[in-house]
Amino acid sequence: MTYDQAKRAATAGETAGVNYRYVSVSFCAEDPTDWRTTYYCEAAIRECANNTPEQGLGPANRIFRQAEGSDIWEFRGVTCFPNLVDDGPELTMAMILEAFHDTAFAVPEVTTQPKGDVTLVTLPTYYQVVWPDAGYAPNEIDTTTLLGFQVDIRPRLDSITYHFGDGETEGPTRDEGGPYPTGNVIHEYTAKGSYQARADVVYGGQFRVNGGAWADIPGTASISGAETTVTVRESRARLVTGGG
10 MTYDQAKRAA
20 TAGETAGVNY
30 RYVSVSFCAE
40 DPTDWRTTYY
50 CEAAIRECAN
60 NTPEQGLGPA
70 NRIFRQAEGS
80 DIWEFRGVTC
90 FPNLVDDGPE
100 LTMAMILEAF
110 HDTAFAVPEV
120 TTQPKGDVTL
130 VTLPTYYQVV
140 WPDAGYAPNE
150 IDTTTLLGFQ
160 VDIRPRLDSI
170 TYHFGDGETE
180 GPTRDEGGPY
190 PTGNVIHEYT
200 AKGSYQARAD
210 VVYGGQFRVN
220 GGAWADIPGT
230 ASISGAETTV
240 TVRESRARLV
250 TGGG
């Protein structure tokens with residue numbers, strides 16, 4: 010349902026000559042006078058999570074109206090357009106999504122073992138993701154202020170895809186690899202040379218408003234990892250004549 014369709018649905022059935030008051034409350038509230046329930050509850054985010062911007066990104070609200078001179082509130086439905094009526098939340102999911110995509114995510118690097126990023130043809134090479142100090146790595150918190158609200162964004166690692174530089178990949182996976190002998194991300198090169206290896210990641214995330222409960226962000230961000238040059242050499246065997 011588009012914004013115009015939602016507006017028409019909410020205001021349908023008005024009696025000519027009668028003034029109406031429209032209010033919006035959290036999707037997690039049932040009472041039109043309940044102003045205390047947060048607009049950013051998990052169910053309100055989930056209700057609109059798969060929408061396009063044209064369908065409204067939320068958070069979801071319940072719309073009520075009251076005819077002038079009446080004590081009765083009439084439920085008019087649920088909308089994913091939080092500003093459909095004037096008293097909806099100023100901070101929208103679209104703003105939070107924009108802040109999420111503006112986050113300075115940490116760009117992952119890879120390290121290999123044998124140490125020094127030098128290995129041999131057909132030798133099992135162990136890969137591991139390294140998070141730099143710059144940027145926000147998984148589970149670190151980026152805090153910003155939007156329209157006077159404190160918004161905390163906490164990146165989450167959704168997946169890693171390893172690119173070994175020789176056309177081979179591994180993933181998507183959540184395995185961050187590790188050193189010999191415990192690491193699970195292992196690759197064998199079949200030819201000598203220099204290869205540009207990297208780990209691309211997909212970040213999900215969570216957010217909270219003014220220190221409230223954490224809720225999932227309905228979106229992801231893809232980041233290409235920094236390249237590491239892996240040098241692959243051939244091992245040459247020699248026959249040694251014994252003395253004596």
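Taking this note's numbering, I'd label the letters of the sequence shown as residues 10 to 253.
Glycine included, each C-beta is placed from N, C-alpha and C at the ideal position.
- State yes or no: is the C-beta of Y29 nearer than 7 angstroms to some heavy atom of the ligand MN? For the structure depicted, the ligand MN is absent and the ligand set is empty, with no information on it obtainable.
- Task: Using the Cα positions of S33 and F158, report the straight-line distance between them to the nearest angstrom.
- Result: 19 angstroms
- Report the three-state DSSP secondary structure of G253 (helix, strand or coil). Because G253 carries a pLDDT of 49, less than 50, the predicted location of this residue cannot be relied on, and the following value inherits that uncertainty. Three-state DSSP puts G253 in coil, outside helix and strand.
- Message: Quick check on the DSSP output: the beta strand (DSSP E) that includes I72 runs from which residue to which?
- Response: 70 to 76
- Message: Just to confirm the assignment, what range does the beta strand (DSSP E) spanning F173 have?
- Response: Segment: none, F173 is in no beta strand (DSSP E) and carries neither H nor E.
- For L93, does the three-state DSSP call read helix, strand or coil? coil
- Task: Report the three-state DSSP secondary structure of G125 (helix, strand or coil).
- Result: helix
- Message: Need the endpoints of the beta strand (DSSP E) that A230 sits in, please.
- Response: 230 to 232
- First and last residue of the uninterrupted beta strand (DSSP E) at A206: 202 to 218
- Residue burial classification, Y189 (beta-carbon count within 10 angstroms, cutoff 16): exposed
- Query: Just to confirm, are G65 and F36 a CB contact at a threshold of 8 angstroms?
  - Reply: no
- Using alpha carbons as the reference points, say which of P164, E107, L100 lies closest to G214. P164
- Is I162 closer than 8 angstroms to F114 when the C-beta atoms are compared? no
- Alpha carbon to alpha carbon, how far is R45 from G234? Give it in angstroms, no decimals. 43 angstroms
- Message: Using DSSP's beta-bridge definition, name the partner residues of S35.
- Response: N70
- Select from A103, M104, F73, T170 the residue whose C-alpha is nearest the C-alpha of E118. T170
- Task: Please state if the CB of T134 and the CB of T152 are separated by a distance shorter than 8 angstroms.
- Result: no
- Message: According to DSSP, is P62 part of a helix, a strand, or is it coil?
- Response: helix
- Identity of the residue in D142, V218, T61 nearest T47 by Cα: V218
- Complete beta strand (DSSP E) runs within the region 129 to 188 (minimum length 3 residues, chain order): 134 to 139, 151 to 155, 158 to 172, 178 to 182
- Could you check how far apart the C-beta atoms of P68 and M102 are, in whole angstroms? I think they sit under 8 angstroms. 6 angstroms
- Message: Using DSSP's beta-bridge definition, name the partner residues of V241.
- Response: T128, G202
- Message: Check for me: the beta strand (DSSP E) holding E107 runs from which residue to which?
- Response: Per DSSP, E107 belongs to no beta strand (DSSP E); it is in the alpha helix (DSSP H), 102 to 110.
- Task: Report yes if the C-beta distance between Q137 and E179 is below 8 angstroms; otherwise report no.
- Result: no
- Message: Comparing C-alpha positions only, which one of V130, S231, A222, L155 sits nearest to R242?
- Response: V130
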